[in-house]
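Notes to accompany the following structure.
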Amino acid sequence: MLSKYVMPGNKLEIQAVDRTNQEEDGKKGRRKVFKTQVCDIISEDQLEIYMPMEKSKLILLPIDAEYDLYFYTDAGLYQCFANVIDRYKSNNQFVLLMELTSNLRRYQRREYYRLSCALEMSSRPLDKSESDAVEKTQDYLLPGGALKNSVIVDISGGGIRFVGNYAYEPESLIYCKYNLAIDGEAKEYTLVAKVLTVRELENKPGVFEHRAQYVNIDTVDREEIIRFIFEEERKQRKRKKVL
């Protein structure tokens with residue numbers, strides 16, 4: 351099953367398994383998450399991954415330690431548990447040999463892989479009647495006023511980060527519109543998002559960065575956005591191989 355979904359080059363997140371299930375202040379303590387890539391599939395229960403790095407330093411994960419792996423594949427997000435059984439250098443790259451200790455399974459969570467990009471977007475704040483309708487999961491009004499221009503700098507299946515020469519109020523709902531290339535054709539997306547954070551860029555006075563989370567997004571739209579991200583990731587990997 352591993353080779354059916356996971357391929358060399360797939361991005362993955364790895365974090366230590368906490369079997370104690372201890373809690374701090376009523377919440378489980380956060381575990382350090384490292385990002386890396388799949389190097390090679392050895393068998394259906396073994397794979398090589400590139401040794402993760404942090405601030406240009408290799409992270410020497412201990413042998414026999416158990417880790418939680420999350421694979422970002424073309425078919426979606428998959429998870430399994432695995433032990434580090436060896437560390438070595440291959441083709442001038444430091445790798446970890448991992449052995450699965452559980453079955454690979456499709457994983458659903460609110461967090462999604464974010465793709466760095468530069469996409470034009472138009473948006474505006476929702477008025478009170480529209481916001482009330484959204485909160486009740488009812489249809490909201492289409493924009494009838496002027497839209498503000500901005501640029502999406504990263505996108506995921508869960509939301510967007512964008513910059514513009516204006517600042518929305520945190521916790522406010524906004525109407526946003528942008529285009530993505532889906533199956534070779536431009537498709538327009540009109541979505542509602544909730545502004546989570548706003549900050550002025552230090553090196554660009556008057557320009558504000560917003561983080562926003564989709565609200566009541568259609569499942570089809572979300573899956574198309576995720577597919578767009580995977581397609582762009584594949585294109586970037588091909589360009590790197592050519593270089």
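Take 351 as the starting number for the sequence shown in the working numbering and just add one per residue.
Glycine included, each C-beta is placed from N, C-alpha and C at the ideal position.
task: Tell me, please, whether the segment 461 to 476 touches the segment 506 to 513 by the rule of three or more beta-carbon pairs shorter than 8 Å.
output: Flag = yes, the segment 461 to 476 and the segment 506 to 513 touch.
field: Nearest to residue 575 (by Cα), restricted to the options 536, 550, 555, 549
entry: Of 536, 550, 555, 549, the residue nearest in Cα terms is 536.
task: May I ask you to report which of helix, strand or coil DSSP gives residue 451?
output: Look at residue 451 here: in three-state DSSP terms it is coil, with no helix or strand label.
- prompt: With distances taken between CB atoms, is the gap from residue 476 to residue 530 smaller than 8 Å?
  reply: In this structure, the beta-carbon distance from residue 476 to residue 530 does not fall below 8 Å.
- request: Answer yes if the segment 443 to 459 comes into contact with the segment 400 to 408, meaning at least three C-beta pairs across the two stretches below 8 Å, and no otherwise.
  value: Three or more Cβ pairs closer than 8 Å define a contact, and the segment 400 to 408 meets that threshold against the segment 443 to 459.
message: Pop quiz: residue 352 and residue 450 are said to be a contact at Cβ under 8 Å. What is the actual Cβ separation, rounded to whole angstroms?
response: Their Cβ separation, rounded to whole angstroms, is 7 Å, which keeps residue 352 and residue 450 in contact under 8 Å.
message: Counting beta carbon pairs with one atom in the segment 403 to 420 and one in the segment 358 to 369, are three or more of them shorter than 8 Å?
response: Taking one beta carbon from each stretch, the segment 358 to 369 and the segment 403 to 420 have 3 or more pairs nearer than 8 Å; the two touch.
task: Return the first residue and the last residue of the beta strand (DSSP E) that residue 385 is part of.
output: Segment 383 to 393, the beta strand (DSSP E) holding residue 385.
query: Got a sec, what are the start and stop residues for the beta strand (DSSP E) residue 536 sits in?
result: It spans 535 to 550 - the beta strand (DSSP E) in which residue 536 sits, taken as one unbroken run.
task: Return helix, strand or coil for residue 356, following the three-state DSSP convention.
output: Looking at residue 356 - three-state DSSP - the assignment turns out to be coil, as it is neither helix nor strand.
query: If you count every other CB in all the chains shown that lies within 10 Å of the CB of residue 538, and 16 or more means buried, which is it?
result: With fewer than 16 Cβ atoms within 10 Å of its Cβ, residue 538 is classed as exposed.
message: Can you tell me where the beta strand (DSSP E) holding residue 477 begins and where it ends?
response: No beta strand (DSSP E) contains residue 477, which DSSP labels as neither H nor E.
- prompt: When the distance is taken between beta carbons, is residue 410 closer than 8 Å to residue 430?
  reply: At least 8 Å separates the beta-carbon of residue 430 from that of residue 410.
message: Distance check for residue 557 and residue 425, CA to CA, integer angstroms please.
response: Each residue's alpha carbon lies about 37 Å from the other.
query: In whole angstroms, what is the alpha-carbon distance linking residue 404 and residue 586?
result: Those two C-alpha atoms are separated by around 22 Å.
message: Between 395, 391, 406, 392, which has its C-alpha nearest residue 384's C-alpha?
response: With distances taken between Cα atoms, residue 384 lies closest to 406.
- prompt: If you draw a straight line from the alpha carbon of residue 543 to that of residue 564, how long is it in whole angstroms?
  reply: For residue 543 and residue 564, the gap between their C-alpha atoms comes out near 4 Å.
Residue 548 versus residue 519: straight-line alpha-carbon distance, rounded: Straight across, the Cα-Cα distance linking residue 548 with residue 519 is about 8 Å.
query: What's the C-alpha gap between residue 499 and residue 555?
result: About 17 Å.
task: Per DSSP, which residues does residue 404 bridge with? Please list them.
output: Answer by DSSP bridge pairing, in chain order: 407.
query: Based on the DSSP secondary-structure assignment, which residues constitute the bridge partners of residue 433?
result: Answer by DSSP bridge pairing, in chain order: 416, 449.
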